[in-house]
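Chemist: The structure follows.
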Amino acid sequence: MFNNKVVKLQNAFLSLPLILAHKHEIRQSFKNYTANLTYDLNVYKNLFDGMDSEYAEEPEHIRNSLQEAIINTEGRKFMSFLNDKLLELEGIVEGFSKQEHERHGFYFRKQLWSIILSAPFMARTNLKPRGYAGDSEMMTMLYSKDYQGDSTFSKLMHKHPVEHPAAQAVRNRRHVIARMVREVKEAWHELASEKLRILSVACGPAREIQDILLSPDDCKKLHFTFLDQDRHALYEAAKMINETEKNLDTKIEARYLDESVRTMLATPRLTNEWGQFHFIYSLGLFDYLTPPVASAVFGKLYQLLRPGGEMVLGNFHASNPSKYYMEYWLDWVLYYRKEKDLKNLSRNIPSAKSDVFFDDTGVQIFLHVKKIGDD
Numbered sequence: 041m042f043n044n045k046v047v048k049l050q051n052a053f054l055s056l057p058l059i060l061a062h063k064h065e066i067r068q069s070f071k072n073y074t075a076n077l078t079y080d081l082n083v084y085k086n087l088f089d090g091m092d093s094e095y096a097e098e099p100e101h102i103r104n105s106l107q108e109a110i111i112n113t114e115g116r117k118f119m120s121f122l123n124d125k126l127l128e129l130e131g132i133v134e135g136f137s138k139q140e141h142e143r144h145g146f147y148f149r150k151q152l153w154s155i156i157l158s159a160p161f162m163a164r165t166n167l168k169p170r171g172y173a174g175d176s177e178m179m180t181m182l183y184s185k186d187y188q189g190d191s192t193f194s195k196l197m198h199k200h201p202v203e204h205p206a207a208q209a210v211r212n213r214r215h216v217i218a219r220m221v222r223e224v225k226e227a228w229h230e231l232a233s234e235k236l237r238i239l240s241v242a243c244g245p246a247r248e249i250q251d252i253l254l255s256p257d258d259c260k261k262l263h264f265t266f267l268d269q270d271r272h273a274l275y276e277a278a279k280m281i282n283e284t285e286k287n288l289d290t291k292i293e294a295r296y297l298d299e300s301v302r303t304m305l306a307t308p309r310l311t312n313e314w315g316q317f318h319f320i321y322s323l324g325l326f327d328y329l330t331p332p333v334a335s336a337v338f339g340k341l342y343q344l345l346r347p348g349g350e351m352v353l354g355n356f357h358a359s360n361p362s363k364y365y366m367e368y369w370l371d372w373v374l375y376y377r378k379e380k381d382l383k384n385l386s387r388n389i390p391s392a393k394s395d396v397f398f399d400d401t402g403v404q405i406f407l408h409v410k411k412i413g414d415d
């Protein structure tokens with residue numbers, strides 16, 4: 041055990057020359073931008089920290105009132121400053137290659153690391169405690185859209201990204217799915233004793249349940265299957281179901297599948313394992329799938345649709361205005377797609393009738409597929 045730790049420490053120092061040399065591959069204009077931004081952010085941090093110190097000994101209700109006043113005045117000006125700096129960043133990096141984005145993003149985060157870690161949301165996207173970006177706790181932060189942090193500065197740094205267009209697109213997704221479920225339920229209204237079977241793939245915390253299940257009658261007609269590779273996410277989805285059961289004083293039929301894309305693709309006939317569904321949706325999975333894997337996963341999910349069933353897949357559009365914010369500040373890289381990219385997923389399936397639509401921000405694009413026959 042001790043020897044392993046020594047080896048790990050030695051390896052860290054072996055890579056040090058490479059990390060130090062990294063700066064020689066960075067464009068001077070980007071170095072200047074990062075240096076100026078770092079200086080400005082530290083000036084703001086010192087200003088807000090100084091204000092916090094001024095009223096630190098006041099009673100809690102006075103501290104809270106003063107902090108709220110600062111956030112709503114000087115804090116909003118600081119938010120505008122961050123917006124301007126993001127536009128400046130976009131102008132500098134827009135023509136970069138994939139490798140240049142990775143190189144400059146690494147340099148950027150090294151320079152601003154202490155600032156990034158001061159904000160709960162930014163810290164989580166960068167540290168990735170569950171091993172990946174976009175985990176269910178990050179989704180919960182986006183849904184909450186509140187001020188979090190132990191200082192005025194950290195609260196502002198947390199709030200800014202969760203107010204950005206990409207964050208609003210995430211919040212919009214749950215309402216889109218709730219509307220789609222209502223439409224599918226109406227389309228299958230002739231079902232008698234059989235429940236409408238719904239599959240949520242990469243379910244996360246399943247916050248959309250709050251918008252889907254509004255009455256005990258809704259619960260009686262629907263059966264949910266939640267699939268995720270993250271057991272924490274499945275636990276949170278189960279917690280959401282339990283809370284909804286208590287609020288509506290009824291039981292909800294739900295099952296939970298601890299499965300990954302890898303196991304999904306390796307299973308020859310998924311229908312034998314999971315059955316078929318009237319409605320399948322996946323809101324964030326395809327953002328992380330390469331084109332070949334996305335095509336393979338789509339094919340597997342399509343097999344799980346009953347004839348007449350529908351599927352909705354969400355993906356961030358290539359025009360996402362938060363793209364460079366996510367990549368440089370948050371270390372959150374996605375596979376973006378355009379309309380034709382999503383529609384191509386179903387082009388070789390004769391029984392698939394597909395179209396695409398957007399959320400209100402225009403940032404999130406959805407592929408809507410209906411299985412009009414049985415392949």
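All residue numbers for the sequence shown refer to the numbering used here, where the first residue is 41 and numbers rise by one. Glycine included, C-beta positions come from ideal geometry on N, C-alpha and C.
Can you name, in chain order, every residue of its own chain whose Cβ lies under 6 Å from the Cβ of L323, other than the five neighbours on each side?
Modeler: For the purposes of this step, residue 323 is taken as residue 283 along the sequence shown, with counting starting at 1. Around L323: R213 and G354.
Chemist: Below 8 Å, can you find three or more Cβ-Cβ pairs linking the stretch 362-378 to the stretch 338-352?
Modeler: Taking 8 Å as the limit for Cβ pairs, the verdict is that the stretch 338-352 does not touch the stretch 362-378.
Chemist: Count the CB pairs spanning the stretch 104-121 and the stretch 184-200 that are closer than 8 Å, and state whether there are at least three.
Modeler: Touching, per the Cβ criterion.
Chemist: Quick one: residues in its chain with C-beta nearer than 6 Å to the C-beta of L374, no 5 flanking neighbours on either side, listed in chain order?
Modeler: For the purposes of this step, residue 374 is identified with residue 334 of the sequence shown, where counting begins at 1. If we look at L374 and ignore the five residues flanking it on each side, its Cβ neighbours are D327 and F356.
Chemist: Let me make sure I understand the geometry here. Which of D124, E142 and K199 has the alpha-carbon closest to that of F161?
Modeler: Position 121 of the sequence shown, counted from the start, is the residue given in the question as residue 161. The shortest Cα separation from F161 among D124, E142 and K199 belongs to K199.
Chemist: Taking only three categories from DSSP, how would you classify K199?
Modeler: Walking along the sequence shown from the start, residue 199 turns up at place 159. Residue state, collapsed to three classes: helix.
Chemist: Quick one: Cα of K383 to Cα of V396, how far?
Modeler: Counted from its first residue, the sequence shown places residue 383 at position 343. Counted from its first residue, the sequence shown places residue 396 at position 356. Going from the Cα of K383 to the Cα of V396 covers about 7 Å.
Chemist: Compute the beta-carbon to beta-carbon distance between V403 and P205, rounded to the nearest angstrom, for a pair I have assumed lies under 8 Å.
Modeler: Locating residue 403 in the sequence shown gives position 363, where the first residue counts as 1. Locating residue 205 in the sequence shown gives position 165, where the first residue counts as 1. That pair is a contact at about 5 Å.
Chemist: Since I believe I405 is in contact with Y342 (beta carbons under 8 Å), could you give me their beta-carbon distance rounded to a whole number of angstroms?
Modeler: What you label residue 342 is simply residue 302 of the sequence shown in a count that begins at 1. What you label residue 405 is simply residue 365 of the sequence shown in a count that begins at 1. Not really, about 18 Å apart at Cβ, beyond 8 Å.
Chemist: Compare the beta carbon distance of I66 and H144 with 8 Å and say whether it is the shorter of the two.
Modeler: Counted from its first residue, the sequence shown places residue 66 at position 26. Counted from its first residue, the sequence shown places residue 144 at position 104. Contact: yes.
Chemist: Please state the DSSP three-state secondary structure of N355.
Modeler: As a working note, residue 355 is residue 315 in the sequence shown. Three-state result, N355: strand.
Chemist: Who pairs with T311 in a beta bridge, going by DSSP?
Modeler: The sequence position of residue 311 within the sequence shown is 271, counting from 1. For T311, which the question treats as bridged, DSSP gives no partner whatsoever.
Chemist: Excluding the 5 residues preceding and the 5 following S69 in the sequence, name in chain order all residues of the same chain whose CB lies nearer than 8 Å to its CB.
Modeler: Here residue 69 refers to the residue found at position 29 of the sequence shown. Same-chain partners within the cutoff: I132.
Chemist: Are the stretch 240-251 and the stretch 169-185 in contact at 8 Å, needing three or more beta carbon pairs?
Modeler: With a cut-off of 8 Å, the stretch 169-185 and the stretch 240-251 count as touching, because enough Cβ pairs lie within range.
Chemist: When DSSP builds the beta bridges, which residues end up paired with I320?
Modeler: Against the sequence shown, residue 320 aligns to sequence position 280. The partner list for I320 (beta bridge, DSSP) reads L239 and M351.
Chemist: By how many angstroms is the C-alpha of A392 removed from the C-alpha of F23?
Modeler: Residue coverage of the chain in this structure runs from 41 to 415, which leaves residue 23 outside it and unanswerable.
Chemist: So for F266, helix, strand or coil by DSSP?
Modeler: For the purposes of this step, residue 266 is taken as residue 226 along the sequence shown, with counting starting at 1. Of the three classes helix, strand and coil, the one that applies to F266 here is strand, per DSSP.
Chemist: If contact is defined by three or more beta carbon pairs under 8 Å, each pair taking one atom from either stretch, is the stretch 252-264 in contact with the stretch 211-226?
Modeler: A contact exists between the stretch 211-226 and the stretch 252-264.
Chemist: Count the other CB atoms within 10 Å of the CB of G174; is the residue buried (16 or more) or exposed (fewer)?
Modeler: Taking the sequence shown and counting its residues from 1, the one referred to as residue 174 is at position 134. Buried is the call here.
Chemist: Rounded to the nearest angstrom, how far is the Cβ of C243 from that of A277, given a contact under 8 Å?
Modeler: Your numbering for residue 243 matches position 203 in the sequence shown. Your numbering for residue 277 matches position 237 in the sequence shown. Indeed they touch by this definition, with Cβ atoms about 5 Å apart.
Chemist: For S191 and D289, which I take to be in contact (beta-carbon distance under 8 Å), what is that distance rounded to the nearest angstrom?
Modeler: Position 151 of the sequence shown holds residue 191. Position 249 of the sequence shown holds residue 289. The pair is not a contact, with the Cβ atoms about 42 Å apart (cut-off 8 Å).
Chemist: Taking the straight line between their C-alpha atoms, what separation do you get for R103 and T113?
Modeler: For the purposes of this step, residue 103 is identified with residue 63 of the sequence shown, where counting begins at 1. For the purposes of this step, residue 113 is identified with residue 73 of the sequence shown, where counting begins at 1. Roughly 16 Å between the two C-alpha positions.
Chemist: Could you pull out every residue in the same chain whose Cβ sits closer than 6 Å to the Cβ of I412, ignoring the five residues on either side in sequence?
Modeler: Numbered from its first residue, the sequence shown carries residue 412 at position 372. Cβ neighbours of I412 beyond the five flanking positions: S391 and K393.
Chemist: Classify T303 as buried or exposed, calling it buried when 16 or more other Cβ atoms lie within 10 Å of its own Cβ.
Modeler: One-based indexing of the sequence shown puts residue 303 at position 263. That one is exposed.
Chemist: For R295, which beta-bridge partners are listed by DSSP?
Modeler: The residue labelled residue 295 in the question sits at position 255 within the sequence shown. In DSSP, R295 forms a bridge with T265.
Chemist: Can you name, in chain order, every residue of its own chain whose Cβ lies under 6 Å from the Cβ of A209, other than the five neighbours on each side?
Modeler: By 1-based counting over the sequence shown, the position of residue 209 is 169. Here the set comprises D399, T401, V403 and Q404.
Chemist: Put R346 into one of helix, strand or coil per three-state DSSP.
Modeler: Within the sequence shown, numbered from 1, the residue matching residue 346 stands at position 306. If DSSP states are grouped into helix, strand and coil, R346 belongs with the strands.
Chemist: Let me confirm a value: Q139 is counted as buried when at least 16 other C-beta atoms fall within 10 Å, else exposed. Which label applies?
Modeler: Here residue 139 is taken as the residue at index 99 of the sequence shown, counted from 1. Exposed, since its Cβ has fewer than 16 Cβ neighbours within 10 Å.
Chemist: What separation, rounded to the nearest whole angstrom, lies between the Cα atoms of K363 and T307?
Modeler: Numbered from its first residue, the sequence shown carries residue 363 at position 323. Numbered from its first residue, the sequence shown carries residue 307 at position 267. Looking at the two C-alpha atoms, the distance is approximately 34 Å.
Chemist: Have a look at S120, D381, A159 and Y321 and flag the residue whose alpha-carbon is nearest the alpha-carbon of T330.
Modeler: In the sequence shown, counting from the first residue as 1, residue 330 sits at position 290. Considering only alpha carbons, the answer is D381.
Chemist: Starting from F146, trace the alpha helix (DSSP H) both ways and give me its first and last residue.
Modeler: Working through the sequence shown from its first residue, we reach residue 146 at position 106. Per DSSP, F146 belongs to the alpha helix (DSSP H) from K138 to Q151.
Chemist: From which residue to which residue does the beta strand (DSSP E) around H229 run?
Modeler: For the purposes of this step, residue 229 is taken as the residue at position 189 of the sequence shown. Taken as a continuous stretch (DSSP letters only), H229 belongs to no beta strand (DSSP E), as it is neither H nor E.
Chemist: Name the two residues that bound the continuous beta strand (DSSP E) containing V396.
Modeler: Within the sequence shown, residue 396 is the residue found at index 356, counting from 1. It spans A392 to F398 - the beta strand (DSSP E) in which V396 sits, taken as one unbroken run.
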